[in-house]
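Report on the following structure.
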Amino acid sequence: MEAVSNNINTLSEPRVRTAKITMFLVAISLAFMVAGIILLYLLWGVNKAKGQTLNATTFCAITESWCYKDIQLGKFGVPVVLIL
88 MEAVSNNINT LSEPRVRTAK ITMFLVAISL AFMVAGIILL YLLWGVNKAK GQTLNATTFC
148 AITESWCYKD IQLGKFGVPV VLIL
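Residues in the sequence shown are numbered consecutively from 88, following the working numbering.
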């Protein structure tokens with residue numbers, strides 16, 4: 088949203104209308120993303136865990152059952168994703 092506000096001079100005419108539409112679309116996409124994250128929290132029954140964010144706790148809950156030939160992929164996947 089700040090990027091749109093800072094670069095309003097580069098938008099096509101009519102600038103104010105274009106900026107309003109752009110801000111609305113950005114707000115809708117952010118709301119959609121937040122709703123999806125909250126839905127994941129609710130579906131996986133995530134609670135606070137000391138030393139972890141809710142996103143990390145959710146990812147751990149999702150990947151804990153992933154395995155390949157008796158190797159738990161969740162144990163390796165979580166640190167890799169958190170580092171990236």
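Where is the CB? At the ideal position from N, CA and C, for every residue including glycine.
- Could you give the distance in angstroms between the alpha-carbon of Val167 and the alpha-carbon of Cys154? 16 Å
- Query: When the Cα atoms are used, what is the spatial distance from Asp157 to Thr109?
  - Reply: 49 Å
- Query: Who are the near neighbours of Ala148 in its chain, counting only those whose CB is closer than 8 Å to its CB and skipping five residues on each side?
  - Reply: Trp131, Gly132 and Val133
- Hey, quick one: how far does the alpha helix (DSSP H) through Trp131 stretch, first residue to last? Arg102 to Trp131
- For Thr150, which residues of its own chain have a beta-carbon under 7 Å away from its beta-carbon, when the five flanking residues on both sides are left out? Leu160, Gly161, Gly164 and Val165
- Message: What does the alpha-carbon distance come out to for the pair Thr105 and Gln139?
- Response: 40 Å
- Task: Would you tell me roughly how many angstroms separate the C-alpha atoms of Ala136 and Gly123, rounded to the nearest one?
- Result: 20 Å
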